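Below is one structure, written out as C-alpha cells; comments come after it.
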Amino acid sequence: MPTTAGWLFLVGGTLLFFFWAYGFVRFVMDVKQIYIPKGRQFLRGRRRLKEEKRREEEREEREKQLY
Numbered sequence: 122m123p124t125t126a127g128w129l130f131l132v133g134g135t136l137l138f139f140f141w142a143y144g145f146v147r148f149v150m151d152v153k154q155i156y157i158p159k160g161r162q163f164l165r166g167r168r169r170l171k172e173e174k175r176r177e178e179e180r181e182e183r184e185k186q187l188y
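Just so we're aligned, residue 122 is where the sequence shown starts under the numbering used here, counting upward by one.
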C-alpha cells in the first residue's frame, strides 16, 4: 500500500501530465487553426503584390515602346 507521500506524488504527476498534454494538444490546434491559415494568407498577398508589380512594369515598358 502506497504511503501518503506516494499518493501525493502519483496524483501530482497525473495532474501535471494532464495539463502538459492539454497544453500540447492546444498548441497543435492553434497552429493548425491560426498560424497555418495566416501564413497562407501572407503568401497569397505577397504573390498578388508581386504579380501586380510585374503587370505594372510590363505596362510601363509597353508605354515606353510606344513613344
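Where a beta carbon is used, it is the ideal one built from N, C-alpha and C, also for glycine.
In this text the structure is predicted, and so the values were computed from the model without any measurement.
Helix, strand or coil at Val158 [DSSP, three-state]: At residue 158 the sequence reads Pro, which differs from the Val that was named. Three-state result, Pro158: helix.
Span of the alpha helix (DSSP H) holding Tyr143? Thr125 to Asp151
Would the beta-carbon of Val152 be found less than 7 Å away from any heavy atom of the ligand SAM? No copy of the ligand SAM occurs in the structure displayed, which carries no ligand at all.
In whole angstroms, give me the CA-to-CA distance for Phe130 and Pro123. 10 Å
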